[in-house]
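Read the structure below first, then the notes.
Protein chains in written order, with our numbering: chain A, -2 to 111; chain B, 591 to 704.
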């Protein structure tokens, strides 16, 4: 089955700097890669996703890149702000696998220092 | 109401008690999930329901008993729990077979077993 590794487990950056979180996956059939943000006291919320037919997707200050050959994908946050502080989870899935659940990474706790 | 609603938000129970967690989704989704989130295993899949049928049980102890009476409601019945069962219990829903693959999570129930 699919296995998703996520690094780093914790990340501290100064406000205004960029943050990068990396994930690798094992199943070459995976073709959907979402990222979730979990703020304190809340459930994870989908912030961006990418499908295997594109190599990069951007939404304002966040972007995700995908390297299918190397089987890794990354979340990039630019001009970080204190409200970006949260736990971020990556996940991988095969869209034609029926209801096989998403496989999540173990999360990255991002702290943005003002 | 919109999204995924979980009740109660907080629950303290003794090891001999019986309690239930409730999840309701207002998104018209056809699949629902229970996750356990603790410091040791950040997002641990417990149960999957697809069109009200349980399709996955990740070796969860029998002291946890799920129930899915319809595609909008999901319960987790708890009895004779152990202190190590203290965690955040998250419910999620998704639309299997749709082009929108993402999960929508509730805010969770913070469970403390004393």
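Note that CB positions come from ideal geometry on N, CA and C, so glycine has one too.
None of the values given here were measured: they were computed from a predicted structure.
Going by DSSP, which residues form a beta bridge with residue i?
i	result
residue 56 (chain A)	A:59
residue 25 (chain A)	Answer is none; residue 25 (chain A) lacks a bridge partner.
residue 610 (chain B)	B:667
residue 583 (chain B)	With chain B covering 591 to 704 only, the question about residue 583 (chain B) has no answer from this structure.
residue 603 (chain B)	B:703
residue 646 (chain B)	B:638
residue 34 (chain A)	A:42 and A:85
Do you know how far the Cα of residue j is from the Cα of residue i?
i	j	result
residue 79 (chain A)	residue 11 (chain A)	9 Å
residue 38 (chain A)	residue 697 (chain B)	7 Å
residue 615 (chain B)	residue 660 (chain B)	11 Å
residue 612 (chain B)	residue 600 (chain B)	12 Å
residue 17 (chain A)	residue 30 (chain A)	16 Å
residue 705 (chain B)	residue 649 (chain B)	Because chain B spans 591 through 704 in this model, residue 705 (chain B) falls outside it and cannot be assessed.
residue 85 (chain A)	residue 105 (chain A)	5 Å
If we call anything under 8 Å between Cβ atoms a contact, is residue i one with residue j?
i	j	result
residue 657 (chain B)	residue 667 (chain B)	yes
residue 15 (chain A)	residue 74 (chain A)	yes
For residue i and chain B, any beta-carbon pair shorter than 8 Å?
i	result
residue 99 (chain A)	yes
residue 103 (chain A)	yes
residue 86 (chain A)	yes
residue 92 (chain A)	yes
Is there at least one Cβ from chain A nearer than 8 Å to residue i's Cβ?
i	result
residue 697 (chain B)	yes
Would you check whether the ligand ATP has a heavy atom nearer than 7 Å to the C-beta of residue i?
i	result
residue 615 (chain B)	With respect to small molecules bound, the structure shown includes none, and the ligand ATP cannot be examined in it.
Task: Interface positions of the segment 39 to 60 of chain A facing chain B (Cβ-Cβ less than 8 Å), listed along the chain - done: Cβ contacts with chain B: 39, 40, 41, 42, 43 and 46.
Task: Proximal residues, the segment 632 to 646 of chain B versus chain A, C-beta separation under 7 Å - done: Those would be 632, 633, 635, 638, 640, 645 and 646, in chain order.
Task: Proximal residues, the segment 25 to 36 of chain A versus chain B, C-beta separation under 7 Å - done: Cβ contacts with chain B come from 29 and 31.
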